[in-house]
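*Asks:*
Numbering (the numbering used here), first residue to last: 16 to 477.
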């Protein structure tokens, strides 16, 4: 077991909610081997769990927004029932590298900022760290020791997204991308199974909307054009995330035919709201489209530090592309986020979704101790739900579903994610049996330090 030397002194927090407490940044890059395990890691798990998030090196608390922190990737390698290693590494953007007195990662740049801090996933057999609205992705080596900016072999011409979604039927990834410097356009980007951009279709919008996530069905790519838009005032003010609630922006969902022109988009107006994350979407036999997502009444109307509103819950929308109307049904009104399905069913009818519980008040975005499993077989309205509570002082992040086998039934597999034990300032990689959701964890991999809450993680099989 080895730990690298500390690199930075802790940032000055001024009690900033996303720089203090559970969110206090790590100050070093750590390498650990032969990690202690409680329980039994399923022997079929062979790969890496990777998680991305912000970890500012030198933050100005008066201007800091959680979404703008220097990117850090955390990784744990698992094989033959053993936890082989843990590593965390800052993404070597120009700013981060300068602060660390190191060379920046090689590769071409795009946009004003090359900070990448939001998601990490496998595309075309390679591992990429990603962010929306500007920078090219960063390719990471299997060991996390090497990194380079890589616009998919030069095939990506503009900004990318933090949420590309893989179509399990074609192997393609679909994304809706936007750029703060091009406020009148968003793009439907498709990446082939081999990892090259094969489609980049422009769609006209107004005001520069922040489109964090998207969805697709067999027929459509879904565009979430909602009232959080670019704010020149915030940008001039030096705020790291220059997007604000815009009451004058019409909320709408775009249904873009997957191979159609941008002008073919069917726009459906909806009530003002905001969506960070989608669970799934699919076509119904009657031609309507189902969209499941966590919905907020508004977002970024008040705070300049991070998300400032509790969600109204997990909802199902039935979108009629002919009548251009939407019916909304509440699946679960509890505050929650980070919905994940069995991704073998992206774009198709499915039954189960797994979400992270949130505190019931607007005063904190993270800090609940439980996950929720949703049975969506009721179709419309509330369905059956189960709770897995990790106990006092133990705070989970997003969990990802990993099937027990390639042909396993939906819900037969593992849920994997990080849990912070705040009283002991430690962290565990926890593996749950999705089918036996309320049972004790199958395995826990112990880390002797606190991994600050981040955004998104994924399992990348070997």
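Glycine included, C-beta positions come from ideal geometry on N, C-alpha and C. Values in this document were obtained by computation on a predicted structure and should not be read as measured data.
Would you mind stating whether residue 106 and residue 62 have Cβ atoms separated by less than 8 Å?
*Replies:* no
*Asks:* By how many angstroms is the C-alpha of residue 35 removed from the C-alpha of residue 28?
*Replies:* Low confidence applies to residue 28: its pLDDT is 44, below 50, so where it sits in the model is not reliable enough to give any reading.
*Asks:* What whole-angstrom Cβ distance do residue 329 and residue 388 have, given they're in contact under 8 Å?
*Replies:* That pair is no contact at about 12 Å.
*Asks:* Cβ atoms of residue 85 and residue 132: under 8 Å apart, would you say?
*Replies:* yes
*Asks:* In the DSSP assignment, the beta strand (DSSP E) including residue 66 goes from what residue to what residue?
*Replies:* 62 to 69
*Asks:* In terms of DSSP beta bridges, what is residue 403 paired with?
*Replies:* 386
*Asks:* Is the CB-CB distance between residue 192 and residue 204 below 8 Å?
*Replies:* yes
*Asks:* Considering residue 110, what are the terminal residues of the alpha helix (DSSP H) in which it resides?
*Replies:* 109 to 114
*Asks:* Taking the alpha-carbon positions, what's the residue 346 to residue 163 distance?
*Replies:* Rounded to whole angstroms, the gap between the alpha carbons of residue 346 and residue 163 is 42 Å.
*Asks:* CB-CB under 6 Å to residue 335, same chain, minus the five flanking residues each way: which ones, in chain order?
*Replies:* 303
*Asks:* Identify every residue that forms a DSSP beta bridge with residue 296.
*Replies:* 306
*Asks:* Could you give the distance in angstroms between the alpha-carbon of residue 287 and the alpha-carbon of residue 241?
*Replies:* 7 Å
*Asks:* So the candidates are 275, 153, 444 and 215; which of them puts its Cα closest to the Cα of residue 125?
*Replies:* If we check each option's Cα against that of residue 125, 153 comes out closest.
*Asks:* Would you call residue 455 buried or exposed, if buried means 16 or more other Cβ atoms sit within 10 Å of its Cβ?
*Replies:* exposed
*Asks:* Can we say the region 354 to 367 touches the region 291 to 310, given the rule of at least three CB pairs closer than 8 Å?
*Replies:* yes
*Asks:* Taking the alpha carbon of residue 475 as the point to measure from, which residue in 458, 466 and 358 has its own alpha carbon closest?
*Replies:* 358
*Asks:* Check for me: the beta strand (DSSP E) holding residue 44 runs from which residue to which?
*Replies:* Here residue 44 belongs to no beta strand (DSSP E), and DSSP marks it neither H nor E.
*Asks:* Can you check the region 95 to 183 for any alpha helix (DSSP H) of at least 4 residues that lies completely inside it and give the ranges in chain order?
*Replies:* 109 to 114
*Asks:* Tell me residue 466's beta-bridge partners as DSSP assigns them.
*Replies:* Residue 466 pairs with nothing; no bridge assigned.
*Asks:* If distances are taken between C-alpha atoms only, which option among 211, 231 and 197 comes closest to residue 222?
*Replies:* 197
*Asks:* For the pair the region 225 to 237 and the region 274 to 293, tell me if three or more CB-CB distances fall below 8 Å.
*Replies:* yes
*Asks:* Tell me where the alpha helix (DSSP H) around residue 248 begins and ends.
*Replies:* 247 to 251 is the extent of the alpha helix (DSSP H) around residue 248.
*Asks:* Strictly by DSSP, which residues pair up with residue 430?
*Replies:* 416 and 447
*Asks:* Out of 472, 477 and 464, point me to the one whose CA is closest to residue 43's CA.
*Replies:* Of 472, 477 and 464, the residue nearest in Cα terms is 464.
*Asks:* Leaving aside the five residues before and after residue 220 along the sequence, list all residues of the same chain whose C-beta is less than 6 Å from its C-beta, in chain order.
*Replies:* For residue 220, where only same-chain residues beyond five positions count, the Cβ hits under 6 Å are 201 and 240.
*Asks:* Quick check: residue 58 and residue 467, are their CB atoms within less than 8 Å of each other?
*Replies:* No, they are not a contact pair.
*Asks:* In whole angstroms, what separates the C-alpha of residue 174 from that of residue 450?
*Replies:* 38 Å
*Asks:* Smallest Cα separation from residue 439: which of 462, 458 and 447?
*Replies:* 462
*Asks:* Could you tell me which residues DSSP pairs with residue 345 in its beta bridges?
*Replies:* Residue 345 has 330 as its beta-bridge partners, per DSSP.
*Asks:* Quick check on residue 108: buried or exposed, where buried means 16 or more other Cβ atoms within 10 Å of its Cβ?
*Replies:* buried
*Asks:* Have a look at residue 459 and residue 37 and give me their C-alpha separation to the nearest angstrom.
*Replies:* 20 Å
*Asks:* From the DSSP secondary-structure annotation, give me the bridge partner or partners of residue 472.
*Replies:* Answer by DSSP bridge pairing, in chain order: 66.
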